[in-house]
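Q: Have a look at this one before I ask anything.
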Amino acid sequence: MSVTKEVRDFISNSLAENNRALLTQISKLVSDSAGNLKRANAEAADEQLRQVKKFRREEPKSFKRKGNEIQYKFISKLQDSLEEAKTHLETNAVEKAKELLTEGTLLLTNRQKLILLADKSEFGWKTVEEYSQHELAEDEDDGKKIRRAEERAEKALKSAFTRKTAKQVSSVFRPSSSRFAPPSQRASSELSSWRGQRDRLNLFNRSLVDRPSRPGNCFACGRLGHWRSECSQIARSGAARGNLDPPDFILSVIRDGYKIPFISTPPPHHCKNNSSALEERGLVTEAISELLRDNRVEEIISPPDIVNPLSVSVQANGKKRLILDLRHINLHIFKKFSWIGYDIDTQTGFIFASAVRLEKLLNDLNEVCSVLEASAFVHVKRIASIVGQIISMSPSCGNVTQIMTRYLNLVINTRHSWNSMVVLTDPAKEELKFWRDNLRSLNGIPFWQKPFVPSKEIFSDASSTGCGAFFKGSSLICHRNWSTEKSLKSSTWRELLSDPTLRSLASRLESTVIASRAPGTTDAYRRAFLRWKVFASSKREICAFPAKSKHVALYLQHLLDTTHSHSAVDSAIFRIQWAHHLAGLPSPTDSP
Numbered sequence: 001m002s003v004t005k006e007v008r009d010f011i012s013n014s015l016a017e018n019n020r021a022l023l024t025q026i027s028k029l030v031s032d033s034a035g036n037l038k039r040a041n042a043e044a045a046d047e048q049l050r051q052v053k054k055f056r057r058e059e060p061k062s063f064k065r066k067g068n069e070i071q072y073k074f075i076s077k078l079q080d081s082l083e084e085a086k087t088h089l090e091t092n093a094v095e096k097a098k099e100l101l102t103e104g105t106l107l108l109t110n111r112q113k114l115i116l117l118a119d120k121s122e123f124g125w126k127t128v129e130e131y132s133q134h135e136l137a138e139d140e141d142d143g144k145k146i147r148r149a150e151e152r153a154e155k156a157l158k159s160a161f162t163r164k165t166a167k168q169v170s171s172v173f174r175p176s177s178s179r180f181a182p183p184s185q186r187a188s189s190e191l192s193s194w195r196g197q198r199d200r201l202n203l204f205n206r207s208l209v210d211r212p213s214r215p216g217n218c219f220a221c222g223r224l225g226h227w228r229s230e231c232s233q234i235a236r237s238g239a240a241r242g243n244l245d246p247p248d249f250i251l252s253v254i255r256d257g258y259k260i261p262f263i264s265t266p267p268p269h270h271c272k273n274n275s276s277a278l279e280e281r282g283l284v285t286e287a288i289s290e291l292l293r294d295n296r297v298e299e300i301i302s303p304p305d306i307v308n309p310l311s312v313s314v315q316a317n318g319k320k321r322l323i324l325d326l327r328h329i330n331l332h333i334f335k336k337f338s339w340i341g342y343d344i345d346t347q348t349g350f351i352f353a354s355a356v357r358l359e360k361l362l363n364d365l366n367e368v369c370s371v372l373e374a375s376a377f378v379h380v381k382r383i384a385s386i387v388g389q390i391i392s393m394s395p396s397c398g399n400v401t402q403i404m405t406r407y408l409n410l411v412i413n414t415r416h417s418w419n420s421m422v423v424l425t426d427p428a429k430e431e432l433k434f435w436r437d438n439l440r441s442l443n444g445i446p447f448w449q450k451p452f453v454p455s456k457e458i459f460s461d462a463s464s465t466g467c468g469a470f471f472k473g474s475s476l477i478c479h480r481n482w483s484t485e486k487s488l489k490s491s492t493w494r495e496l497l498s499d500p501t502l503r504s505l506a507s508r509l510e511s512t513v514i515a516s517r518a519p520g521t522t523d524a525y526r527r528a529f530l531r532w533k534v535f536a537s538s539k540r541e542i543c544a545f546p547a548k549s550k551h552v553a554l555y556l557q558h559l560l561d562t563t564h565s566h567s568a569v570d571s572a573i574f575r576i577q578w579a580h581h582l583a584g585l586p587s588p589t590d591s592p
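Just so you know, we're using the UniProt record's numbering here: the sequence shown kicks off at 1 and counts up by one.
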């Protein structure tokens, strides 16, 4: 009995457990089916809602430009893809969301490709239009499709331009319609039509003759068919300028071109010819006739505001020249002007570097010097830029620009590449400080150099038989024959031989050379050279005579630091040069 009860309990428990499992599976199946049905209904509803929104966005809209319509449709399509991807993500449909995002990425990539194609092509968006129209029909390489699209775009633009031009020209010859009119009216209509056509043809031909079609575009308005000199907009702007009431000088420059710049307009003045021109009437008449014959001058009917007098200059060889005396208007002419970065003063004869160039170089020098206080490394391009600016100021600063940049050039030559750093040596740093402190005082040198004319010229020669010398333009002559013993000596010995005859000539040579200048000038030159000798004797490394270029440069720097005067530097340069030229030695101031 007990066994039967246990079997019965086991069977009942198994049945109950199976019933519960079956009920659980049925509940899960019903729940999943309901969820799928609900999700399907939700997707269908969302799809219907998206379609409604899409239809609403795709309502026909009018666009003024084709490009705006294309851009609007592209953005709408991209927006649909993003919204669908968002909806799928909300319903955990990740794969579909990925597909839509990939589709949106391809849309953006294709759009960027079209933008680059329009920017690169000569015909712009016309090429993109042809490319897009035939993109699906052709199955070749993309590069070939792009080239064919450009060819089609070029043909389309040329065809449109040809049709537009033909339409404009044909409108001139289009007659009025009188096909269905009565014979009498048709005849009169044809006659009037022919007359109107003739008048329009004459007008058209006259316009073509008076104003021929020009190739290219107008530089003023950018339109085809005429040039800037024939542009109507220029004429209208010229009339508008006349209404602005500008100065007469500005209007004359616009009409007649640039003229001599005057500080102030000279007052009217009629001068009579000078007495020299009155005495040489024949020469004046002949010279004016020659100028008129060669079209160098123009004869006018009414006298101008200013009439300058004529003069005749007689040279030392007796040659006569006709001169126009401009003293009356020279007072009003600019004597200072700027030219390619230089300020030129024709009154003093000096040339200066412009203030803009000075300020730029000083700023660069100050920046580099401030960097050198923290580190000795500087980019090579900054040093090369400074050296280039200094060398470019040689016309306004002289040879010192090359003397005081030697160590900087050596530093530049140590570069590994133009993108590397260089180490500035102490002499190079001193050159940078030299230009930073003395650039303004060194700016300005005379550009009218005085020609060097030697006061005396001496010619001498020696051979194995004798020697001789003489002064050009003088009766001082020296000559001597060598003895047999002396003729066997070397030429060096003969040159060093102290001959009494040559010594007597040399004693007079010194006084002659010194007397070539005024006593005051000679004394000033001697005192300036003595100051250089005093400076050189105080330094063990410096030899006063003959001097070296670098030692003279240091002496000039000493003068700048002590006197703060540009004239002292010029005086020292001329005096040192004078002493070396007297001795027949090359001057250190002539060194580049």
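All residues carry an ideal CB built from backbone N, CA and C; glycine is no exception.
What residue ranges within the region 317–376 form continuous alpha helix (DSSP H) runs of no fewer than 4 residues, ordered along the chain?
A: 327–330 and 355–372
Q: Rounded to the nearest angstrom, what separates residue 14 and residue 29 at their Cα positions?
A: In the sequence shown, residue 14 corresponds to position 14, counting from 1. In the sequence shown, residue 29 corresponds to position 29, counting from 1. Rounded to the nearest angstrom, the two C-alpha atoms are 22 Å apart.
Q: Taking the beta carbon of residue 428 as the centre, do at least 16 other beta carbons fall within 10 Å, making it buried, or is it exposed?
A: Looking up residue 428 in the sequence shown gives position 428. When all chains shown are included, residue 428 counts as buried.
Q: So, with DSSP's three-state summary, where would you put residue 391?
A: Stepping through the sequence shown from its first residue, residue 391 is reached at position 391. Residue 391: helix per DSSP, three-state reduction.
Q: Among 445, 433 and 292, whose alpha-carbon lies nearest the alpha-carbon of residue 351?
A: If you number the sequence shown from 1, residue 351 lands on position 351. For the residues 445, 433 and 292, the minimum Cα distance to residue 351 belongs to 445.
Q: Between which two residues does the alpha helix (DSSP H) harbouring residue 81 extend?
A: For the purposes of this step, residue 81 is taken as residue 81 along the sequence shown, with counting starting at 1. Start and end: 66–90.
Q: For residue 184, does the count of other Cβ atoms within 10 angstroms reach 16, so buried, or fall short, so exposed?
A: Numbered from its first residue, the sequence shown carries residue 184 at position 184. Because residue 184 sits at a pLDDT of 45, beneath the cut-off of 50, its placement in the model cannot be relied upon, and the following sentence gives the value as read from the coordinates. That one is exposed.
Q: Which residues bound the alpha helix (DSSP H) around residue 300?
A: Along the sequence shown, read from residue 1 onward, the residue named residue 300 stands at position 300. Segment: none, residue 300 is in no alpha helix (DSSP H) and carries neither H nor E.
Q: Between the alpha carbons of residue 75 and residue 414, how many angstroms are there, rounded?
A: Here residue 75 corresponds to residue number 75 of the sequence shown, with the count starting at 1. Here residue 414 corresponds to residue number 414 of the sequence shown, with the count starting at 1. One C-alpha to the other measures close to 59 Å.
Q: If you drop the 5 nearest sequence neighbours on each side, which residues of the same chain put their C-beta closer than 6 Å to that of residue 469?
A: On the sequence shown, residue 469 is found 469 positions in, with the first residue counted as 1. Only 460 and 478 meet the Cβ criterion.
Q: Taking buried to mean at least 16 other C-beta atoms within 10 Å of its own C-beta, is residue 88 buried or exposed?
A: If you number the sequence shown from 1, residue 88 lands on position 88. Residue 88 is buried by the Cβ-count criterion.
Q: Quick check: what's the CA-CA separation for residue 136 versus residue 127?
A: Taking the sequence shown and counting its residues from 1, one reaches residue 136 at position 136. Taking the sequence shown and counting its residues from 1, one reaches residue 127 at position 127. Low per-residue confidence applies at residue 136: pLDDT is 44, beneath 50, and the placement is therefore not dependable enough to give any value.
Q: Mind reading off the beta-carbon distance from residue 576 to residue 547? Whole number of angstroms is fine, and I expect it under 8 Å.
A: Position 576 of the sequence shown, counted from the start, is the residue given in the question as residue 576. Position 547 of the sequence shown, counted from the start, is the residue given in the question as residue 547. Yes, residue 576 and residue 547 are in contact; Cβ-Cβ is about 6 Å, under 8 Å.
Q: Which residues bound the alpha helix (DSSP H) around residue 223?
A: On the sequence shown, residue 223 is found 223 positions in, with the first residue counted as 1. Note, residue 223: premise wrong, no alpha helix (DSSP H); not H, not E.
Q: By DSSP's criteria, residue 471 is part of a beta bridge. Which residues make up the other side?
A: As a first step, residue 471 is located in the sequence shown; it is residue number 471 there, counting from the start. Residue pairing of residue 471 in beta bridges, as defined by DSSP: 458.
Q: Could you have a look at residue 313 and say whether DSSP puts it in helix, strand or coil?
A: Looking up residue 313 in the sequence shown gives position 313. Strand, per DSSP.
Q: Candidates 216, 291 and 344: which alpha carbon is nearest residue 448's?
A: On the sequence shown, position 448 is the one that residue 448 refers to. Here the closest residue by C-alpha is 344.
Q: Near residue 280, what residues of its chain come up, given a Cβ to Cβ distance below 7 Å and the 5 sequence neighbours on each side ignored?
A: The residue you call residue 280 lines up with position 280 of the sequence shown. Same-chain partners within the cutoff: 312 and 320.
Q: Going by beta carbon distance, what residues of the same chain come within less than 6 Å of residue 349, once the five residues before and after it are set aside?
A: If you number the sequence shown from 1, residue 349 lands on position 349. Same-chain partners within the cutoff: 446 and 448.
Q: What's the C-alpha gap between residue 572 and residue 336?
A: By one-based count along the sequence shown, residue 572 stands at place 572. By one-based count along the sequence shown, residue 336 stands at place 336. Their Cα atoms are separated by approximately 28 Å.
Q: So, helix, strand or coil for residue 266, using DSSP?
A: Translated into the one-based positions of the sequence shown, residue 266 becomes position 266. It is coil, neither helix nor strand.
Q: Can you name the start and end residues of the beta strand (DSSP E) that residue 480 belongs to?
A: Locating residue 480 in the sequence shown gives position 480, where the first residue counts as 1. Per DSSP, residue 480 belongs to the beta strand (DSSP E) from 477–481.
Q: Indicate the three-state DSSP secondary structure (helix, strand or coil) for residue 415 in the structure shown.
A: Within the sequence shown, numbered from 1, the residue matching residue 415 stands at position 415. Reduced to three states, the DSSP call for residue 415 is coil.
Q: Checking 7 Å against the spacing of the C-beta atoms, do residue 364 and residue 340 come in under that value?
A: Looking up residue 364 in the sequence shown gives position 364. Looking up residue 340 in the sequence shown gives position 340. Cβ distance not < 7 Å, so residue 364 and residue 340 don't count as in contact.
Q: In terms of residue numbering, what span does the alpha helix (DSSP H) encompassing residue 438 cover?
A: Your numbering for residue 438 matches position 438 in the sequence shown. The continuous alpha helix (DSSP H) containing residue 438 extends over residues 426–442.
Q: Around the Cβ of residue 168, are there at least 16 other Cβ atoms within 10 angstroms (buried) or fewer (exposed)?
A: Taking the sequence shown and counting its residues from 1, one reaches residue 168 at position 168. Any answer about residue 168 is weak, because its pLDDT of 49 lies below 50 and its placement is not dependable; what the coordinates show is given next. Around the beta-carbon of residue 168, fewer than 16 other beta-carbon atoms lie within 10 Å, marking it exposed.
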